[in-house]
């Protein structure tokens, strides 16, 4: 019994051993049949692995035992890292993949970095350390890519903030490509937003530069259009400062053409001496250039406005001096002309300063009675020329004396006749004849002397007045010469002088006087009419 039990147990043990041997044999033979059991790998599976951002190891192998050892090492390495994927590929079943990756004799290991780029190709069996260093190198490349993307992004923001939008665009584009490969969605969207802003800024600044060039060239209408386009792009990036600048420039483009027309008109008015008309335009121009922010033009207009005010002040002094001259207030005229001359000198207007100097000299001559002074309009002619008054008074006394002597001689004649009648009774005819012949002799002699004296003084008066008329004609000629090419601002000065001469002529000379040189008188009258005509022409320009 015991022997049967022993034999039975021995048989079971032998049977078990046979089964174990069979299993071991199957396990040993199974790897030889694995290629035939492994299915072909789809190419898309490889593409997904390369695009997932992890380091990918493609192990191309055959049925050799060496490949099994390599597979064991690679499996241990991949399991040590979370972002490493291992794919085993049997060449016999995946010839297309072997051709795609240009695989030669197996075993061959291809290590790809996180961007799907081939980091290293390892042919043949190598040590575990060699495989691990290769994988770590691919992982480092992935880390470098993250660092590179961040560096590109950082540089891009610096360029953007400094207004270097072309450089910023280049760096944002590089960063965006890296973040896409790194699957960094947030940074990818930020980069794309900034890329759009950079494009808008670049387009806006292109139009802005074009507008500024057109503005500098005076093409204000075209410049306004370019500023408007630039403003549209700046509005897309919410750049309020540059939007305001474009709006200001558009306003300047609208105002400057009319301002330049007014400026040209002002220059013409000032050149022609019409400062009163020019001044309101200058005030308006100053406000216009201040509104459009053109400080240089505003300063120029301010200087012209100051010049205009000085000319108006000087011209007012000249007008006042002319009025004083016409009224005979020569000292006041000298003061007014002197004030005007000082201003003209400061302005560098030598012609007008010289004119004032001439007027000062003329007023001083009138004041010192070096030449016959023009009369006041409401005074008697005798008050104008004291020498003429003295001569006239002398002539009048001579005439009165002659009349008195004549009357006395007539009375003496009558008295002598009466005496002769009374004495005729007591005188003889001879004695009567003697008395008659002797008495009239003194009377006739006195009358002849008086008449001769009268004629002498009358001729002297005639000669003096004709001389005065000749001198007057020279004054008129001087006035005519000075009025040649006169400016509008001189109107009041010449009017005062003309009125003085006209009044003096009217009250001093008459065509009814037979002793006046009628030809010279007519010539002087014609020249006065010519003065009046020139004065009227000058008034039309004021």
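Numbering (the numbering used here), first residue to last: 1229 to 1770.
Heads up, the beta-carbon is just placed ideally off N, CA and C, and yes, glycines get one too.
None of these values were measured; they are calculated from a predicted model.
Chain-order list of residues whose beta-carbon lies under 6 Å from that of residue 1313 (same chain, five-residue window excluded): Contacts found: 1277, 1282, 1284.
Proximity winner among 1470, 1549, 1460, relative to residue 1586 (alpha-carbon distances): When only C-alpha atoms are compared, the closest one is 1549.
Need the endpoints of the alpha helix (DSSP H) that residue 1575 sits in, please. Here the alpha helix (DSSP H) through residue 1575 covers 1558 to 1575.
Span separating the alpha-carbon of residue 1385 from that of residue 1416: Distance between the alpha carbons of residue 1385 and residue 1416: 14 Å.
Any idea what DSSP makes of residue 1258, helix, strand or coil? Residue placement at residue 1258 is flagged as unreliable, the pLDDT there being 42, under the threshold of 50; a coordinate-derived value is accordingly withheld.
For residue 1547, count neighbouring C-beta atoms within 10 Å of its own C-beta (all shown protein chains included) and say buried if the count is 16 or more, exposed if not. It counts as buried.
Taking only three categories from DSSP, how would you classify residue 1737? Shown here, residue 1737 sits in coil according to DSSP, grouped into three states, outside any helix or strand.
For the beta strand (DSSP E) containing residue 1465, list its first residue and its last residue. Unbroken run through residue 1465: none, as it is neither H nor E.
On the CB-based measure, 16 or more other CB atoms within 10 Å of its CB, does residue 1328 come out buried or exposed? Exposed is the label assigned to residue 1328, since fewer than 16 other Cβ atoms lie within 10 Å of its Cβ.
Could you tell me the distance, in whole angstroms, from the CA atom of residue 1383 to the CA atom of residue 1377? Near 10 Å, if we compare the C-alpha coordinates of residue 1377 and residue 1383.
Quick one: grab the DSSP three-state call for residue 1315. Here residue 1315 sits in strand by DSSP.
For residue 1288: DSSP bridge partner residues: For residue 1288, DSSP records a beta bridge to 1317, 1336.
I'd like to know whether the C-beta atoms of residue 1299 and residue 1316 end up nearer to each other than 8 Å. Judged by their CB atoms, residue 1299 and residue 1316 are nearer to each other than the 8 Å cut-off.
Inter-residue Cα distance where the pair is residue 1348 and residue 1405: One C-alpha to the other measures close to 23 Å.
According to the neighbour-count rule (16 or more other Cβ atoms, all chains shown, within 10 Å of its Cβ), is residue 1723 buried or exposed? Counting Cβ neighbours within 10 Å, residue 1723 comes out buried, since at least 16 surround it.
Applying the criterion that 16 or more other CB atoms from any shown protein chain within 10 Å of the CB defines a buried residue, is residue 1441 buried or exposed? Exposed is the call here.
Tell me which residue opens and which closes the alpha helix (DSSP H) that residue 1444 is part of. Run containing residue 1444: 1413 to 1444, per the alpha helix (DSSP H) assignment.
Report yes if the C-beta of residue 1535 is less than 7 Å from at least one heavy atom of the ligand ADP; otherwise report no. The ligand ADP is absent from the structure shown, which contains no ligand whatsoever.
CA-CA distance, residue 1569 and residue 1583? Between residue 1569 and residue 1583, the C-alpha separation is close to 8 Å.
Would you list the one or two residues that DSSP bridges to residue 1350? In the DSSP output, where bridge partners are listed per residue, residue 1350 has 1337.
Of all the options 1749, 1591, 1293, which has the alpha carbon lying nearest to the alpha carbon of residue 1698? Looking at the Cα atoms, 1749 is the closest of the given residues.
Using three-state DSSP, classify residue 1796 as helix, strand or coil. This structure leaves residue 1796 out entirely; the chain is present only between 1229 and 1770.
Given this structure, state the Cα-to-Cα distance separating residue 1763 from residue 1719, to the nearest angstrom. Going from the Cα of residue 1763 to the Cα of residue 1719 covers about 7 Å.
Since residue 1399 is in the alpha helix (DSSP H), which residue starts that stretch and which ends it? Run containing residue 1399: 1393 to 1409, per the alpha helix (DSSP H) assignment.
Output the distance between the C-alpha atoms of residue 1387 and residue 1426, rounded to the nearest integer angstrom. When the Cα atoms are used, residue 1387 and residue 1426 turn out to be separated by approximately 10 Å.
For residue 1401 and residue 1291, the rounded distance between their alpha carbons: Cα to Cα, the separation comes out at about 47 Å.
Comparing C-alpha positions only, which one of 1274, 1355, 1554 sits nearest to residue 1294? Out of 1274, 1355, 1554, 1355 has the C-alpha closest to the C-alpha of residue 1294.
I need the straight-line Cα distance from residue 1562 to residue 1537, nearest angstrom please. Note on geometry: alpha-carbon atoms of residue 1562 and residue 1537 lie some 22 Å from one another.
Would you kindly report the start and end of the unbroken alpha helix (DSSP H) that includes residue 1545? First-last of the alpha helix (DSSP H) with residue 1545: 1523 to 1554.
Between residue 1551 and residue 1565, what straight-line distance do the alpha-carbon atoms span, to the nearest angstrom? Looking at the two C-alpha atoms, the distance is approximately 11 Å.
Residue 1430 to residue 1393, Cα distance in whole Å? Straight-line Cα distance between these residues: approximately 6 Å.
Using 8 Å for Cβ pairs, my map puts residue 1756 next to residue 1730. What's the rounded Cβ distance? Indeed, because the Cβ distance is near 6 Å, the residues count as touching under 8 Å.
In terms of DSSP beta bridges, what is residue 1283 paired with? Residue 1283 is bridged to 1312.
Quick one, which of 1477, 1480, 1468, 1532 has its alpha-carbon nearest residue 1496's? Here the closest residue by C-alpha is 1532.
Same chain, Cβ closer than 6 Å to residue 1398, neighbours up to 5 away in sequence not counted: No residues qualify anywhere along the chain.
Taking all protein chains shown into account, do 16 or more other C-beta atoms lie within 10 angstroms of the C-beta of residue 1543, making it buried, or fewer, making it exposed? Label assigned to residue 1543: buried.
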